[in-house]
Every structure is written in structure tokens, then in C-alpha cells.
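Heads up, the thing below is written out as C-alpha cells.
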Amino acid sequence: MAVTVQLLPDLEQRLRAPSEGPKLTAEQQEEVKKETVGFKNGVPVRFQVGGRTLVIQTGQLQKKGINVIHQIVYWNFTRETSLKIAKWLGATPVFSE
């Protein structure tokens, strides 16, 4: 006997959450690479899309709600460069000062 399980629409949508988001183009990556300032002068930033941390080179989205210690943090950008990246990707920059 086969059993059919019907998920609630909200739960089904969360289970099918995309694992990929926007990512920088090769040209954008080259541009921001030229603007890097190094670890000591950079402002730590995470890029969030839908409450999930985004890997800007690949578009990979990390699981929602994971501990911040496990989230990707970029250290080599100025605040201005981070804001530009966030605008390009439609992401929210989360700064750690």
C-alpha cells in the first residue's frame, strides 16, 4: 500500500528554497579585486539574500539560521566596495565592526 504525503504550501516552499543566488560576473570580480584593501584595512561584511549568506563568486547560498561563525565573511573590501557589490547582487550587506 502506497502512502501519499501532502506538504503544506509554506513548508513545501521552504524545502525547495534555492541553493543558488546571484553571483558576480567575471568583469565584476576583476573590478572588485582591484579595489581590495587587505585584511587589516577591510571592513568585515557578509552578503545576505533572503536571510541566507551568499558566496559572491559562486552564488551559493548557505543554510538559513546557521551560526554566524560558520558564515562566509569577506574582510578585504572597504565599506564603499561592499555597498557596490550588494547593489549589483541585490543583497543586504551585514557589517561587523
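Using this note's numbering, the first residue of the sequence shown is number 75, and each one after it goes up by one.
Glycine is no exception: its CB is placed at the ideal position from the N, C-alpha and C atoms.
Item, Value
"From the DSSP output, in three-state form, read off residue 163 for me.", "helix"
"Would you say residue 118 reaches chain D, if we count a Cβ-Cβ gap shorter than 8 Å as a contact?", "As a matter of chain content, chain D is missing from the structure shown, which is built from one protein chain."
"Using a Cβ-Cβ cutoff of less than 7 Å, which residues in the same chain neighbour residue 102 once the five nearest sequence positions on both sides are dropped?", "162"
"Here's a check: name, in chain order, each residue in its chain whose Cβ is nearer than 6 Å to the Cβ of residue 85, leaving out the five neighbours to either side.", "For residue 85, the pLDDT reaches just 48, beneath the cut-off of 50, and the residue's location in the model is therefore unreliable, leaving the point undetermined."
"One question on the structure: do residue 165 and residue 134 come within less than 8 Å of each other, judged by their Cβ atoms?", "no"
"What number of angstroms, rounded off, separates the C-alpha of residue 130 from the C-alpha of residue 144?", "16 Å"
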